[in-house]
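2 protein chains.
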Amino acid sequence: MAEDLLGWTEIDTGTCSVARAVEILGDRWTVLVLREVFNGVRRFGDIQTHIGVSRSVLAQRLATLKEQGVLERRPYQEPGDRVRHEYRLTPLGRGLQPVLVALNNFGDQFLSGPDGPPVLLRHADCGALVSAALVCADDHRVGPREIRLELGPGARPRA
Amino acid sequence: MAEDLLGWTEIDTGTCSVARAVEILGDRWTVLVLREVFNGVRRFGDIQTHIGVSRSVLAQRLATLKEQGVLERRPYQEPGDRVRHEYRLTPLGRGLQPVLVALNNFGDQFLSGPDGPPVLLRHADCGALVSAALVCADDHRVGPREIRLELGPGARPRA
């Protein structure tokens, strides 16, 4: 890889991690389904009622998330009841948590109504508000203009 | 607000910050357009070529982002050339940076090909890799299961 010869605009963006992540994240409904599951709403009917989505749209989104390995469908049975299923995040699905927290922060900060946001995310340990913040592997807080783009091992020239 | 009487499933999710943020984030193309602008690609033709999107789709997404106040269109002129326009992030648009970094992290971690990701995000100061990490306002790192949901001032019962 002649990294020094290529810049961002010269590389093929087909393998870009943002593009791939967006394929998984899907559309608006998918994000709302993930929000519900992260918030502990795991059953088809409960998700459907809380989001206000049609059964067919929800079924399609859940099937895709299952296919992609984001959610898994697990049977559960309450005493005296028939077997039902609930949806659980896989490790891949859990990996989307910072994305959802970042979306939530953004909405809180810029899009809340006059009363403020309907939900607060708190650190269970200390109670302080949680955000998805830019940090580096050396544990510095990273300012918005302090990110430098560098071509990685998977960079390929554009066709 | 009788916060103690309501849980997540009892509140109206219409004002949820994640839902509102997703409205701004739009679809796949919108995210890719934002990625380009964050990476310094600001002109219509350059964005179009690099993403590989049709002119009409790009024009529509840019118009929406401008309407929503995420991007602004600024004239610029190189000596001897006609006036052109470029797209710049507004403060609202800059607020989406943690979302894009989180998407990038997720793609790097779970969806990269065998060669690894095409792009690395480095802290300009120290060179270490950047991520969008869960932290709290008291500066603790927050583990994936250490977030507690609490109803906020804008919580309203479901209709």
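These protein sequences, in sequence, are chains P and Y.
So that you can map any letter, position 115 of the first sequence is 115 in my numbering, and since no number is skipped, the others follow by simple counting.
Whatever position you read off the second sequence (first residue = 1), add 159 for my numbering.
The beta carbon of each residue, even a glycine, is placed where N, CA and C say it ideally should be.
query, result
"Nonlocal neighbours in the same chain, by C-beta distance under 6 angstroms from Y/Glu162, ignoring five residues either side", "At Y/Glu162 the pLDDT is 39, less than 50, meaning the model places this residue with poor confidence; the figure from the coordinates comes in the next sentence. Correct list, in chain order: Leu310."
"Proximal residues, the stretch 112 to 132 of chain P versus chain Y, C-beta separation under 7 angstroms", "Ser112, Gly113, Asp115, Gly116, Pro117, Pro118, Val119, Leu120, Leu121, Arg122, His123, Ala124, Asp125, Cys126, Ala128, Leu129, Val130, Ser131 and Ala132"
"Proximity below 8 angstroms, CB of Y/Leu262 to CB of P/Val142", "no"
"Cβ of Y/Val190 within 8 angstroms of any chain P Cβ", "yes"
"Counterpart residues of Y/Ile183 in DSSP-defined beta bridges", "Per DSSP, none; premise fails for Y/Ile183."
"Against chain Y: residues of the stretch 59 to 91 of chain P by CB proximity under 8 angstroms", "none"
"Local conformation of P/Arg61 per DSSP, three classes", "helix"
"Contact set for Y/Arg253: own chain, Cβ-Cβ below 8 angstroms, skip 5 residues either direction", "none"
"Contact with chain Y by P/Ser17, beta-carbon distance below 8 angstroms", "yes"
"P/Val31 and P/Ile47 closer than 8 angstroms at C-beta", "no"
"With 16 other Cβ atoms within 10 Å as the buried cut-off, status of P/Pro157", "exposed"
"Own chain, CB closer than 7 angstroms to Y/Arg232, minus 5 neighbours either side, in chain order", "Lys225, His244 and Tyr246"
"Cβ-based burial, Y/Val242 [other Cβ within 10 Å; buried from 16]", "exposed"
"Three-state class that DSSP yields for P/Arg94 in the structure shown", "helix"
"Through-space distance from Y/Thr174 to Y/Ile183, alpha-carbon basis", "14 angstroms"
"Cα-Cα separation, P/Met1 to P/Ser112", "Residue placement at P/Met1 cannot be trusted, given a pLDDT of 36 that sits under 50; what the coordinates show is reported in the next sentence. Rounded to the nearest angstrom, the two C-alpha atoms are 46 angstroms apart."
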